[in-house]
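Visitor: Following this message is one structure expressed as structure tokens.
Protein chains: 2
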Amino acid sequence: MSFLDLILGRRLANREFGRSKIGAFEGVPAMGLDGISSSSYGPEAALAILIPLGAASASYMVWIMAPIVALLGILFASYWQTIRAYPNNGGAYIVAKENLGTNASLLAAAALMIDYVLNVAVGISAGVGALVSAVPALHPYILWLCLGVLLLVTLVNLRGTPDAGRIFGVPTYLYIGSFLVILAIGIVKSVMSGGHPQAAVAPAHLGHATEALSIWLVLRAFASGCTAMTGVEAVSNGMSDFRDPPVTQGHRTLCIIVIVLAILLAAIAYLVRAFGIGAMDQTQAGYRSVLSQLAGAVIGNGVFYYIAIGSLLCVLTLSAATSFVGFPRLCRMVAEDGFLPKPFAIAGRRLVFTVGILYLAATAGALLFAFDGITDRLIPLFAIGAFLTFTLSQAGMVVHWRRALADSRSRRERRARQVHYIQYAINAVGAVATSVALIIIVVAKFTEGAWLTVLAIPAVIALLKAIHRHYERLGRALHASGPLTLDNSGPPVLLVAFQNWNKLTENAMRLALTLSPDVLAIHLTHLAGPQAKEHEEKLRDEWRVKVARPAAKAGFTEPRLLILPAEYRAIHEPILKLAHDLEAKFGPRRIVVLIPMLIERHWYQFLMHPQWARQLRTQLLAHGGDRLTVMSVPWYLDQCHNVIGSTLPIRSRSADRNGDVPKHRAVKRHARARRG
Amino acid sequence: MSFLDLILGRRLANREFGRSKIGAFEGVPAMGLDGISSSSYGPEAALAILIPLGAASASYMVWIMAPIVALLGILFASYWQTIRAYPNNGGAYIVAKENLGTNASLLAAAALMIDYVLNVAVGISAGVGALVSAVPALHPYILWLCLGVLLLVTLVNLRGTPDAGRIFGVPTYLYIGSFLVILAIGIVKSVMSGGHPQAAVAPAHLGHATEALSIWLVLRAFASGCTAMTGVEAVSNGMSDFRDPPVTQGHRTLCIIVIVLAILLAAIAYLVRAFGIGAMDQTQAGYRSVLSQLAGAVIGNGVFYYIAIGSLLCVLTLSAATSFVGFPRLCRMVAEDGFLPKPFAIAGRRLVFTVGILYLAATAGALLFAFDGITDRLIPLFAIGAFLTFTLSQAGMVVHWRRALADSRSRRERRARQVHYIQYAINAVGAVATSVALIIIVVAKFTEGAWLTVLAIPAVIALLKAIHRHYERLGRALHASGPLTLDNSGPPVLLVAFQNWNKLTENAMRLALTLSPDVLAIHLTHLAGPQAKEHEEKLRDEWRVKVARPAAKAGFTEPRLLILPAEYRAIHEPILKLAHDLEAKFGPRRIVVLIPMLIERHWYQFLMHPQWARQLRTQLLAHGGDRLTVMSVPWYLDQCHNVIGSTLPIRSRSADRNGDVPKHRAVKRHARARRG
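Going down the list, the protein sequences come from chains A and B. Just so you know, we're using numbering that gives the first Met the number 0 here: the first sequence kicks off at 0 and counts up by one. Just so you know, we're using numbering that gives the first Met the number 0 here: the second sequence kicks off at 0 and counts up by one.
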């Protein structure tokens, strides 16, 4: 246990829940890494589409980025409202569920889940890709670097969000700080030189135009640039992690993330034009990213340049961490609604949803493994999920405000109505804008791979619905409507399965005799095969002397011994057959099979014995029918384990010290009632 | 099940044991493959040592092989006697155990086990190596070919010895037949040409001598040539597989194997000299084995040549099969004596010892994998085990006859004494001869790798003894000497662990109330985490209405409801703590925890639910102490599984048809006794 404690931190009690919450300072790295790191690849993606325009591409950038920054502003306003309206969790799933119904919420859930998984795989592989292009010696280890980063991010998130916020804070704030400084210097230089600054290190030469400007090209550049906005929804999904007051903390976090992102995008667009920077072909040798060219042009290749680029690499690589905050929380909500398996809704040792985290890590790891750590081709699939959830979230908010309007109209609150109109308008504009962007992205990227997302989303929804149907069927089957019906059919018939007469069997027989007057001991012969040594007569004698007579003398019904051959060396078949026969004879009474069990403490003891007892238990439970019950009677090789409770694991003892196990007043009352 | 039936054949009942036995015809391929295939590498190994003698090596071969054939004769005579003296199993382990004591038997067991594992790995890789040198295109697939052959041999042996004998019979008899014909033709040619026959295809030219003949060289050649004798002991180890009368069948099998082997060895030695054939360097291109050169020299490279060489390849590759007959049977005997885990002594579906077969396959597979399918370097380790067991077996027989002599002397049976003297003499000569050969082998091969075997044998013996100590300790702890002591402490206290009030819980409560007046139902809150939705009040109301009142009305003691928080989301800790408290209150009475279990039929259902019930059972049994008992009360989602016996697996139904499950007369008697 101490190893797990070391890696993941000690177990947290339920009452420590509040302590594991975060404020805006940890919120920015924990939820903003994805959003902020978008600034590095969004403009680059747009410029890459514009390469055919040659030198003109740099000057068109401002016109591509302007609507994107405007859209970002709209998104900011709408999510600001969503956070206030849904202070516990304002993710697209909840908003869609409450306002648009189940189908819309499942659509949002499917889009988000796919988005989260892709974000992990693409984020890590993009970061590692950038690292490898900086240090080509690492090239053979791309996959291992990717999996290593994935492991790191997974472990940090298994420790809980506060730890993730603290650990990822350093590179995040370093990136924000260094690039804000670089961009500020660049703008000052540009303004002082009248818009034509001298580059410290010249950016790559831009080629001649091979294509004329066309609407299609602009739309494609816009669609690619929209990836700069992914990750903005993370704050609304992670609201449950904020400490009180969550709305204030959420607003602060959202503010920092969006404002930083907007400044970065706007400044990058401006400086790209001022310095005449264009995207380079990634597949060519000597490739430098847009931000690397820009930083070089502004401050040259000094120490500060390397700090900035280093922090950029960290932020890119760790952008996957944002998914680890959102995905488990989303899955938990979906699981609580019965659309995902229940284990997704169980808090682990650090009060995070372990199953969701591990599932995300496994899926992303499988993607990375399948694509050998190079997931460029998955990027087009990526923005669709984000914009689909934007749209659903906004549309849900529109319905939300319309309902609020209808509500306030009936109550004639004029002031509230005015506010709601404004809120309605903001979300309506947001919904229209993001849905237009979504259509553009789907059309522009359809043949590049977006069709895969379009296919995957319905498949995920179908799976979620199938899971839900299973739970509904189970719930109907399990539902007990009336009061408990009791058939006083008398004590059950007890079968004691045993191998030899020893303390194990003795212990089980002692219990059996107190439970029922009908005890039948069963010994199977030739379980080990036709040549096994058998001592039937010796066993019968032993039984007579050591069991039957003492039992009769003590006033119990004499237990009988039944010796059956195990023709096929399978322990459960003769016993199931016998139980079937007894069932017919004894009518409504239950059959209980007692299985003495030797408790093994070490793995090698597990190898030392045929697992007959375990096998018998499993098979009887699987095939016995619901009137056959299996009782495991333990026997310990080490006598120090004889006292109940003396073997509580250490963690439970420490739990005891913490006073978390109550004094069981009801038990004492119960005991008193019996004595009285 | 039908897939397993197809691959391994249907399950065999214990009473079918006799049918799975074999005669001499199947015995030769099943137990003789190793011995007979030795004829191909024994002479080659001796000639390889003699390479430095150049052309003279061929003529010295007769003098190297003569003592080996003589030794083979001595071995034949002694094993003939051993088989008669131990008609059930005359392996070195049994002979050493009965005559030389436990330590000697463990030495024999360790030597044999190592020998068997090495034989599988080396046999397969030698065969595949020969195949690959014939078809160089297969070179990249050596490891996969090795593992494929291993899989084939394993599966065939899992089907049982008769099948192995039948399947491996074709290549075995083809090899014996074709090479006896080739050698006969060669001898006729040689005699007709006055000892200087003309080769059809000339063998490789022998180089000049680079070394003079020395005793050391002769000893090393003898030690290498001794590998020609490995596998002769297989018949004595496999005696239990022969049908009645086993001694006759065993003698026939031994006869065929040894006589064929002796003829092959003698004829090869003669023809090697006649045709002037020497060993070639295996690492050089154009390498041809001695038998390939010999066959070519006698009959040329026609169709018959390819048939003979093809059968030779098969026999070499399949020589591993012999280990699969001996190893599981040896392990079974060692396990029955308590020196190996018990599962080695359990007969599987085809009445062979499945665990031993799988263990052998896994170990040999690991060796092949570790050495990439090229295990040449293991060959020197190989003959030591064989000669150590020869020596121990002979020495054991010497003691056996000495005892018989002492016995017959006291009874003054003159005739018996004379026979015993002869038997004594034969085994004494055998023991001395094989021990001398063993010493020569250890000395000659020590630096080549034999030291590894010398180290491994004591390690295996130490492991066997540790296992024995474990069983002894367990036996002492389990031993129940006196009659059953009964404390009429009254019915146990029942705890019913449940999640919600549903049919699962209802079913368990119904049983609980019939077992004890003290029933306490336990519900844990916040198992899923601090944010889990809880309905404590609703549960208490439901309990009052649906359980407590109906139970009281039906005349049962009212069961109580206890709601405990699971601060650490671990289900077993609060319940263990409660059981500990109850233990203190209720004195000697037992505590039984009832766990309602939803029986899952599909793997995906397993994923759908937190495995709380299973977890609770495991933890309570592991840490609860031996007065806490766990009862699993099953509940089936599919109502068709409600009737006991209706879900017996199909194989059990067919078992029923075969009439192997008896009529349970005792049960009927029991039932009658109750009614009367």
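No residue lacks a Cβ here, since even glycine has one placed at the ideal position from N, Cα and C. Please read these numbers as outputs of a predicted model, since none were measured by experiment.
Less than 8 Å between the C-beta atoms of Gly277 (chain B) and Ser56 (chain B), yes or no?
Guide: Position 278 of the second sequence, counting from 1, holds the residue named residue 277 (chain B). Position 57 of the second sequence, counting from 1, holds the residue named residue 56 (chain B). A contact, by the Cβ cut-off of 8 Å.
Visitor: In terms of residues, what are the limits of the alpha helix (DSSP H) holding Thr252 (chain B)?
Guide: Position 253 of the second sequence holds residue 252 (chain B). From DSSP, the alpha helix (DSSP H) with Thr252 (chain B) extends over 245-274.
Visitor: Nearest by alpha-carbon distance to Leu117 (chain A): which of A:Ser239, A:Leu523, A:Ala385 is it?
Guide: To locate residue 117 (chain A), count along the first sequence from 1; it is residue 118. For the residues A:Ser239, A:Leu523, A:Ala385, the minimum Cα distance to Leu117 (chain A) belongs to A:Ala385.
Visitor: Answer with buried or exposed for Arg543 (chain A), where buried requires no fewer than 16 other C-beta atoms within 10 angstroms of its C-beta.
Guide: On the first sequence, residue 543 (chain A) is found 544 positions in, with the first residue counted as 1. Arg543 (chain A) is exposed by the Cβ-count criterion.
Visitor: Taking only beta-carbon atoms, is Pro753 (chain A) less than 8 Å away from chain B?
Guide: Coverage of chain A is limited to positions 0 through 675, which leaves residue 753 (chain A) absent and any answer about it impossible.
Visitor: Among A:Leu615, A:Glu210, A:Arg413, A:Ala266, which one has its Cα closest to the Cα of Pro595 (chain A)?
Guide: Counted from its first residue, the first sequence places residue 595 (chain A) at position 596. With distances taken between Cα atoms, Pro595 (chain A) lies closest to A:Leu615.
Visitor: Could you list which residues in chain A have their beta carbon closer than 7 Å to that of Lys545 (chain B), in chain order?
Guide: On the second sequence, residue 545 (chain B) is found 546 positions in, with the first residue counted as 1. Correct list: Pro482, Leu483.
Visitor: Please report the distance separating the alpha-carbon of Pro482 (chain B) from that of Arg588 (chain B).
Guide: Here residue 482 (chain B) corresponds to residue number 483 of the second sequence, with the count starting at 1. Here residue 588 (chain B) corresponds to residue number 589 of the second sequence, with the count starting at 1. If you take the alpha carbons of Pro482 (chain B) and Arg588 (chain B), they lie about 21 Å apart.
Visitor: Hey, out of B:Ile255, B:Leu151, B:Val518, whose CA is closest to Ile6 (chain B)'s CA?
Guide: Within the second sequence, numbered from 1, the residue matching residue 6 (chain B) stands at position 7. Comparing Cα-Cα distances from Ile6 (chain B) to each of B:Ile255, B:Leu151, B:Val518, the minimum goes to B:Leu151.
Visitor: Kindly list the residues whose CB is nearer than 8 Å to the CB of Arg652 (chain B), restricted to its own chain and excluding five residues on each side of it in sequence; keep chain order.
Guide: For the purposes of this step, residue 652 (chain B) is identified with residue 653 of the second sequence, where counting begins at 1. Low per-residue confidence applies at Arg652 (chain B): pLDDT is 37, beneath 50, and the placement is therefore not dependable enough to give any value.
Visitor: Judging by CA-CA distance, which residue of A:Glu566, A:Ile425, A:Arg251, A:Gly168 is the nearest neighbour of Thr524 (chain A)?
Guide: Taking the first residue of the first sequence as 1, we reach residue 524 (chain A) at position 525. When each option's Cα is compared against that of Thr524 (chain A), the closest is A:Glu566.
Visitor: DSSP on Leu7 (chain A), reduced to helix/strand/coil?
Guide: Numbered from its first residue, the first sequence carries residue 7 (chain A) at position 8. The answer is helix: DSSP assigns Leu7 (chain A) an H, G or I state.
Visitor: Tell me, which residues are paired with Met596 (chain A) by DSSP?
Guide: Counted from its first residue, the first sequence places residue 596 (chain A) at position 597. In DSSP, Met596 (chain A) forms a bridge with A:Pro633.
Visitor: Compare the C-beta of Met396 (chain B) against all C-beta atoms of chain A and say whether one is closer than 8 Å.
Guide: For the purposes of this step, residue 396 (chain B) is taken as the residue at position 397 of the second sequence. It does not; no Cβ of chain A falls within 8 Å.
Visitor: Quick check on Leu619 (chain B): does DSSP put it in helix, strand or coil?
Guide: What you label residue 619 (chain B) is simply residue 620 of the second sequence in a count that begins at 1. Three-state result, Leu619 (chain B): helix.
Visitor: What residues in the stretch 501-523 of chain B have a beta carbon less than 8 Å from any beta carbon of chain A?
Guide: Here the close residues are Asn501, Lys502, Leu503, Thr504, Glu505, Asn506, Met508, Arg509, Leu510, Leu512, Thr513, Leu514, Asp517, Leu519.
Visitor: If I follow the unbroken alpha helix (DSSP H) through His399 (chain A), where does it start and stop?
Guide: Residue numbering aside, residue 399 (chain A) sits at position 400 when the first sequence is read from its first letter. Start and end: 381-410.
Visitor: Quick check on His195 (chain A): buried or exposed, where buried means 16 or more other Cβ atoms within 10 Å of its Cβ?
Guide: On the first sequence, residue 195 (chain A) is found 196 positions in, with the first residue counted as 1. With fewer than 16 Cβ atoms within 10 Å of its Cβ, His195 (chain A) is classed as exposed.
Visitor: So that I know if they touch, is there some Cβ in chain A lying closer than 8 Å to that of Asp33 (chain B)?
Guide: The sequence position of residue 33 (chain B) within the second sequence is 34, counting from 1. For Asp33 (chain B), the answer is no, since every Cβ of chain A falls outside 8 Å of its Cβ.
Visitor: So that I know if they touch, is there some Cβ in chain A lying closer than 8 Å to that of Glu566 (chain B)?
Guide: Against the second sequence, residue 566 (chain B) aligns to sequence position 567. Chain A contact via Cβ: present.
Visitor: Is the shortest distance between the beta-carbon of Asp625 (chain B) and the beta-carbons of chain A less than 8 Å?
Guide: If you number the second sequence from 1, residue 625 (chain B) lands on position 626. Yes, contact with chain A.
Visitor: So what does DSSP say about Ala201 (chain B), is it helix, strand or coil?
Guide: As a position in the second sequence, residue 201 (chain B) is number 202, starting the count at 1. Correct three-state label for Ala201 (chain B): coil.
Visitor: I'd like to check one pair, Ala108 (chain B) with Leu312 (chain B): are the Cβ atoms closer than 8 Å?
Guide: What you label residue 312 (chain B) is simply residue 313 of the second sequence in a count that begins at 1. What you label residue 108 (chain B) is simply residue 109 of the second sequence in a count that begins at 1. No, the pair does not count as a contact, with Cβ atoms beyond the cut-off.
Visitor: Would Tyr423 (chain A) count as contacting chain B if we go by Cβ distances under 8 Å?
Guide: If you number the first sequence from 1, residue 423 (chain A) lands on position 424. Closer than 8 Å: no.
Visitor: Any beta-carbon of chain C closer than 8 Å to the one on Gly355 (chain B)?
Guide: The structure shown contains no chain C; the protein chains it does contain are A and B.
Visitor: List the residues of chain A whose Cβ lies closer than 8 Å to the Cβ of Phe13 (chain B), in chain order.
Guide: In the second sequence, residue 13 (chain B) corresponds to position 14, counting from 1. Reading off the sequence, residue 13 (chain B) comes out as Asn, not Phe. Under the 8 Å cutoff, chain A gives His525, Gly528, Pro529, Pro564, Ala565, Glu566, Tyr567, Arg568.
Visitor: Once DSSP output is grouped into helix, strand and coil, what is the label at Thr81 (chain A)?
Guide: For the purposes of this step, residue 81 (chain A) is identified with residue 82 of the first sequence, where counting begins at 1. In this structure, Thr81 (chain A) counts as helix in the three-state DSSP scheme.
Visitor: I'd like to know if the stretch 254-261 of chain B and the stretch 270-290 of chain B are in contact, where contact means that at least 3 CB-CB pairs between them fall below 8 Å.
Guide: No contact exists between the stretch 254-261 of chain B and the stretch 270-290 of chain B.
Visitor: Any beta-carbon of chain B closer than 8 Å to the one on Trp634 (chain A)?
Guide: On the first sequence, residue 634 (chain A) is found 635 positions in, with the first residue counted as 1. So yes, Trp634 (chain A) belongs to the interface.
Visitor: Can you tell me the Cα-Cα spacing of Gly17 (chain A) and Asp243 (chain A), whole angstroms?
Guide: Here residue 17 (chain A) is taken as the residue at index 18 of the first sequence, counted from 1. Here residue 243 (chain A) is taken as the residue at index 244 of the first sequence, counted from 1. Rounded to the nearest angstrom, the two C-alpha atoms are 9 Å apart.
Visitor: Strictly below 9 Å CB to CB, what residues from chain A border Leu615 (chain B)?
Guide: Counted from its first residue, the second sequence places residue 615 (chain B) at position 616. Simply none; closest approach about 12 Å.
Visitor: Out of curiosity, what's the CA-to-CA distance linking Arg611 (chain B) and Pro342 (chain A)?
Guide: Counting from 1 along the second sequence, the entry for residue 611 (chain B) is found at position 612. Counting from 1 along the first sequence, the entry for residue 342 (chain A) is found at position 343. Note on residue identity: the sequence assigns Trp, not Arg, to residue 611 (chain B). The alpha-carbon atoms of Trp611 (chain B) and Pro342 (chain A) are separated by roughly 10 Å.
Visitor: Within a Cβ cutoff of 6 Å, which residues of the same chain sit near Thr504 (chain B), ignoring the five residues on either side of it in sequence?
Guide: Residue 504 (chain B) sits at position 505 when you count from the first residue of the second sequence. So the qualifying residues of the chain are Phe497, Pro595.
Visitor: For the 8 Å Cβ check, are there 3 or more pairs between the stretch 521-538 of chain A and the stretch 342-361 of chain B?
Guide: Taking 8 Å as the limit for Cβ pairs, the verdict is that the stretch 342-361 of chain B does touch the stretch 521-538 of chain A.
Visitor: Whole angstroms are fine: how far does the CA of Ser58 (chain B) sit from the CA of Ala95 (chain B)?
Guide: Against the second sequence, residue 95 (chain B) aligns to sequence position 96. Against the second sequence, residue 58 (chain B) aligns to sequence position 59. Each residue's alpha carbon lies about 40 Å from the other.
Visitor: With a threshold of 16 other CB atoms inside 10 Å of the CB of Thr452 (chain B), please say whether the residue is buried or exposed.
Guide: As a working mapping, residue 452 (chain B) is identified with position 453 in the second sequence. When all chains shown are included, Thr452 (chain B) counts as buried.
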